[in-house]
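Position in the sequence shown counted from 1, then plus 222, gives you the working numbering. The C-beta atom is built at its ideal place from N, Cα and C for all residues, glycine as well. Working notes for the structure below.
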Amino acid sequence: MKTTGILKQLFIRTWKLTADTTAAWDEIAAEKSTVKDVFLQYTIPFILICTIISSLFGFLYADEKRLTIGILKGITIAVSLLAGNLLTYSVSIRTLSKYLPHFAVKENVARLVFYSFSLMYFFRIVTAILPGLFFLKVLNVFTAYLVWDGCRGVMGMDEDERSNFVLLVTGMVIFTPFIARYLLQWLLPNI
Numbered sequence: 223m224k225t226t227g228i229l230k231q232l233f234i235r236t237w238k239l240t241a242d243t244t245a246a247w248d249e250i251a252a253e254k255s256t257v258k259d260v261f262l263q264y265t266i267p268f269i270l271i272c273t274i275i276s277s278l279f280g281f282l283y284a285d286e287k288r289l290t291i292g293i294l295k296g297i298t299i300a301v302s303l304l305a306g307n308l309l310t311y312s313v314s315i316r317t318l319s320k321y322l323p324h325f326a327v328k329e330n331v332a333r334l335v336f337y338s339f340s341l342m343y344f345f346r347i348v349t350a351i352l353p354g355l356f357f358l359k360v361l362n363v364f365t366a367y368l369v370w371d372g373c374r375g376v377m378g379m380d381e382d383e384r385s386n387f388v389l390l391v392t393g394m395v396i397f398t399p400f401i402a403r404y405l406l407q408w409l410l411p412n413i
């Protein structure tokens with residue numbers, strides 16, 4: 223598939239998840255994709271896009287040491303998003319295995335977790351291009367609805383079964399990249 227085709231599919235899927243969440247999750251549930259497929263065809267391309275855009279605009283908006291700032295911004299965004307995805311997936315599968323083992327299907331958990339990061343990617347891109355719109359990150363709370371509906375569509379959970387799991391996944395989707403980025407910035411040299 224060409225690069226433009228991949229980008230188009232990423233943004234179409236993200237738009238569907240935002241505009242028509244229920245239909246998008248039903249479409250995702252009907253897919254026969256492995257954990258590797260979802261990770262390589264959705265998560266990695268989006269993380270690369272976020273990294274490239276953050277690096278480029280970090281370089282453009284920097285007052286001094288442009289190249290260093292651009293590279294460091296790209297590295298911190300890439301590592302924080304990757305860590306957030308993988309940590310959320312790992313904790314989710316372990317939690318389900320322990321408390322709701324009949325829902326601990328790796329492919330379904332991967333689809334739920336990796337697609338739930340869609341808004342995070344979108345707001346990273348927008349705020350990298352237009353840093354003045356940082357307040358839009360508040361809209362990441364919509365992730366809770368994405369996860370709630372995804373648990374219904376992809377996981378097949380009833381309302382009673384998904385409440386605590388939704389809180390766990392939503393909290394991890396929103397906060398793990400933030401915490402990872404904070405730790406990386408704390409460890410990196412001051413510029």
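> Going by beta carbon distance, what residues of the same chain come within less than 7 Å of L355, once the five residues before and after it are set aside?
Replying inline: V348, T349
>> In this structure, how does DSSP classify K258 when only helix, strand and coil are distinguished?
In response: helix
> Along the chain, which unbroken stretches of the alpha helix (DSSP H) at least 4 residues long are found entirely within the region 330-368?
Replying inline: 340-351
>> Check this for me: beta carbons of V388 and V369, under 9 Å apart or not?
In response: yes
> Taking C-beta to C-beta, are M394 and S314 nearer than 9 Å?
Replying inline: yes
> By DSSP, does E249 sit in helix, in strand, or in coil?
Replying inline: helix
> Closest by CA to I274, which one among D285, R288, K295, D259?
Replying inline: K295
> When the Cβ atoms of the region 298-306 are set against those of the region 242-262, are three or more pairs found closer than 8 Å?
Replying inline: no
> Hey, would you say L232 sits closer than 9 Å to I271, going by beta carbons?
Replying inline: yes
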